[in-house]
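Quick notes on the structure that follows.
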Amino acid sequence: MSLVAIVGPGCSRLEDLIDEIVVGDGSVTDRFLCTTSHPDETYDDVLNMVECWEMERDDAIAEVRL
Numbered sequence: 005m006s007l008v009a010i011v012g013p014g015c016s017r018l019e020d021l022i023d024e025i026v027v028g029d030g031s032v033t034d035r036f037l038c039t040t041s042h043p044d045e046t047y048d049d050v051l052n053m054v055e056c057w058e059m060e061r062d063d064a065i066a067e068v069r070l
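So this is what it looks like as structure tokens:
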């Protein structure tokens with residue numbers, strides 16, 4: 005996984021939590037994950053961004069809804 009893109013109300017808080025879990029205090033230098041939050045964008049717009057990101061990396065897209 006290279007990117008977590010979060011859409012909707014409260015998404016910036018969820019992004020912060022994911023950053024804290026994955027990166028923590030930064031003492032483990034090989035742990036990295038790009039996270040983005042999109043509180044005012046449509047799902048389709050964010051999905052388009054994700055598709056462009058993953059196409060460059062040749063990774064599959066996995067959608068998780070909470």
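Be aware that the sequence shown starts at 5, since it is given in this note's numbering, and climbs by one per residue. We put the CB at the ideal spot given by N, CA and C, even for glycine.
Check: DSSP-derived helix/strand/coil call for residue 11; Outcome: strand
Check: Outcome for residue 38 when other beta-carbon atoms lying within 10 angstroms are tallied against a minimum of 16; Outcome: exposed
Check: Three-state class that DSSP yields for residue 6 in the structure shown; Outcome: coil
Check: Residue burial classification, residue 11 (beta-carbon count within 10 angstroms, cutoff 16); Outcome: buried
Check: Counted within 10 angstroms of its Cβ, other Cβ atoms place residue 15 as buried (16 or more) or exposed; Outcome: buried
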